[in-house]
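Peer 1:
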Amino acid sequence: MKKIGITFSLIIILCIVTFTGYFINNKKKEDGKYLKATKNVDNSEMLGEDSKSVDDSDMVGQEDTLTTDYKDEREEKTTDNTEILKFVNPYGEWFETEISDNIPHHSYEWKYLKNKNDQISYEGDKKYYIRKGIDVSHHQGSIDWKKVKEAGYEFAFIRIAYRGYGTEGSLNLDREFYNNINGAHDAGLDVGVYVFSQAIDESEALEEAEFVLDKLKGITLELPIVFDPELIRDSVARTDDISGEQFTKNTIVFCEKVKEKGFEPMIYSNMYWEAFMFDLVQLKDYPIWYADYEQIPQTPYQFTFWQYSESGIVPGIEGKTDLNIEFCTYE
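Everything in the sequence shown is counted per our numbering, starting at -6 for the first residue and increasing by one.
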């Protein structure tokens, strides 16, 4: 009887140790450093094919009228009058960065911004108004662009290409690109394109630009060609050891090649990249497509487009879709 009791106790202890080890290992995975992962991908992209997962459970659901109090909570001044921004990533991790006066700041007024069930409005500003848009890739499948247009969406950024994040880093055309751009144009939407970049140096960034320009022959764009360099969270990727300095060089090479061919370039970014990766002083002449799923954009810096949700429901599209707005100036 005593042996049975000892054996049972050992089993209980073993179960506790096993569970604790499992919890710690998974906690370590969750605590990895934040990389730019507003678009999450899985291991299929190692072979040049990517898969996007979305989860926007923290987005504002009810109607929110946003005030300057939110901004005041995130910004403070040090004793030497240096402005410090506190910001949070989609995983709940907080960071601090010094706000630079050498980078152009936006002048949007968030008191005019409202969000009701992922539907943004911005009314009352005498300088700016907004347009609604989406961004898509083959992950959205076959899209009924007429329904998208009828739902009030005026523009779309369509993925034209992506590079796999594995060692080989093959460059691929998005398999729904031509269907999407033709459908969007036929429905009357303004269109731009983006490339998911895994370039590790300037030569690969140039290769991505040339690939995109080749696929755009004979196609008219109303919106920019977007360079979207990303790091992969919780997976080994070819860009893991690439510095912010190198990413900045890659971005300049891509954008200048696009400009050389008569297109407008743009950069996809978020607050982490603006604080710790990109040299925005070198990139200040290029427009920014800014991704942030907080109540208001956390960046103090200039941007033109805001990707505010990655879990929008849009008529004509099955499943979840990224939602965007464009800030336009009154003529």
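Where is the CB? At the ideal position from N, CA and C, for every residue including glycine.
Values in this document were obtained by computation on a predicted structure and should not be read as measured data.
If distances are taken between C-alpha atoms only, which option among Trp138, Gly159, Ala198, Phe204 comes closest to Asn165?
Peer 2: That would be Phe204, whose Cα lies nearest to the Cα of Asn165.
Peer 1: For a minimum of 3 consecutive residues, which ranges assigned as the beta strand (DSSP E) are wholly contained in the stretch 68 to 93?
Peer 2: Within the stretch 68 to 93, the complete beta strand (DSSP E) runs of at least 3 residues are 68 to 70, 76 to 81, 87 to 91.
Peer 1: What are the start and end residues of the beta strand (DSSP E) that includes Asn317?
Peer 2: Segment 314 to 322, the beta strand (DSSP E) holding Asn317.
Peer 1: Using a 10 Å radius around the Cβ and a threshold of 16 neighbouring Cβ atoms, would you call His131 buried or exposed?
Peer 2: Classification of His131: buried, given that the 10 Å Cβ count is 16 or more.
Peer 1: Leaving out five residues on either side along the sequence, give the residues of the same chain with a beta carbon under 7 Å from the beta carbon of His98.
Peer 2: Excluding residues within five positions, the ones whose Cβ falls inside 7 Å are Pro293, Tyr294, Gln295.
Peer 1: With a threshold of 8 Å on Cβ separation, who are the neighbours of Val184 within its own chain once the five nearest residues in sequence on each side are excluded?
Peer 2: The answer, listed in chain order, is Phe148, Ala149, Phe150, Ile151, Ile174, Ala177, His178, Leu214, Glu215, Leu216.
Peer 1: Could you give the distance in angstroms between the alpha-carbon of Glu253 and the alpha-carbon of Asp73?
Peer 2: So the two alpha carbons sit approximately 43 Å from each other.
Peer 1: Identify which residue in Asn263, Lys313, Glu324 has its Cα closest to the Cα of Ile336.
Peer 2: With the chain represented from -6 up to 324, any question about residue 336 goes unanswered, as that position is not in the structure.
Peer 1: Considering Asp183, what are the terminal residues of the beta strand (DSSP E) in which it resides?
Peer 2: Taken as a continuous stretch (DSSP letters only), the beta strand (DSSP E) holding Asp183 covers 183 to 190.
Peer 1: Have a look at Met264 and Gln291 and give me their C-alpha separation to the nearest angstrom.
Peer 2: Rounded to the nearest angstrom, the two C-alpha atoms are 7 Å apart.
Peer 1: Determine the DSSP secondary structure at Asp48, reduced to helix, strand or coil.
Peer 2: With a pLDDT of 36 at Asp48, under the threshold of 50, the modelled position of this residue cannot be trusted, and the question is left open.
Peer 1: Ends of the alpha helix (DSSP H) at Leu199?
Peer 2: That run of the alpha helix (DSSP H) goes 195 to 208.
Peer 1: Take the Cβ of Glu231 as the centre, count every other Cβ of all protein chains shown within 10 Å, and call the residue buried at 16 or more, exposed below.
Peer 2: Checking the sequence shown, residue 231 turns out to be Arg, not Glu. Arg231 is buried by the Cβ-count criterion.
Peer 1: As a quick exercise: from Met259, Asp278, Phe256, Tyr283, pick the residue whose alpha carbon is nearest that of Ala268.
Peer 2: It is Tyr283.
Peer 1: Confirm, please, whether the CB-CB distance from Tyr187 to Val219 is below 9 Å.
Peer 2: Against a cut-off of 9 Å, the Cβ pair of Tyr187 and Val219 comes out as a contact.
Peer 1: Rounding to the nearest angstrom, what Cα-Cα distance links Glu381 and Ile77 in this structure?
Peer 2: Coverage of the chain is limited to positions -6 through 324, which leaves residue 381 absent and any answer about it impossible.
Peer 1: Does DSSP classify Val325 as helix, strand or coil?
Peer 2: Missing from the structure shown is residue 325; the chain here goes from -6 to 324 and no further.
Peer 1: If we count Cβ pairs, one from each stretch, closer than 8 Å, do we get three or more for the stretch 275 to 282 versus the stretch 237 to 246?
Peer 2: They touch, by the three-pair rule.
Peer 1: Can you name the start and end residues of the beta strand (DSSP E) that Glu303 belongs to?
Peer 2: Element bounds for Glu303: 298 to 305.
Peer 1: Let me check understanding here. Comparing Cα to Cα, which of Val81, Gly85, Ser93, Asn82 lies closest to Thr75?
Peer 2: The shortest C-alpha separation from Thr75 is found at Ser93.
Peer 1: With distances taken from CA atoms, which of Lys208, Trp266, Lys250, Ser304 is nearest Ile235?
Peer 2: The option with the nearest alpha carbon to Ile235 is Trp266.
Peer 1: Scan the stretch 227 to 290 and note each continuous beta strand (DSSP E) run of 3 residues or more that stays entirely inside, going in chain order.
Peer 2: Taking only runs of at least 3 residues, the beta strand (DSSP E) segments lying wholly in the stretch 227 to 290 are 258 to 262, 281 to 284.
Peer 1: In chain order, what residues of the same chain have a beta carbon less than 7 Å from the beta carbon of Tyr101, not counting five sequence neighbours either side?
Peer 2: The answer, listed in chain order, is Tyr121, Phe320.
Peer 1: Which residues does DSSP pair with Tyr121 in a beta bridge?
Peer 2: Answer by DSSP bridge pairing, in chain order: Thr322.
Peer 1: From what residue to what residue does the alpha helix (DSSP H) around Ile113 run?
Peer 2: Ile113 -> not in any alpha helix (DSSP H); beta strand (DSSP E) instead, spanning 112 to 115.
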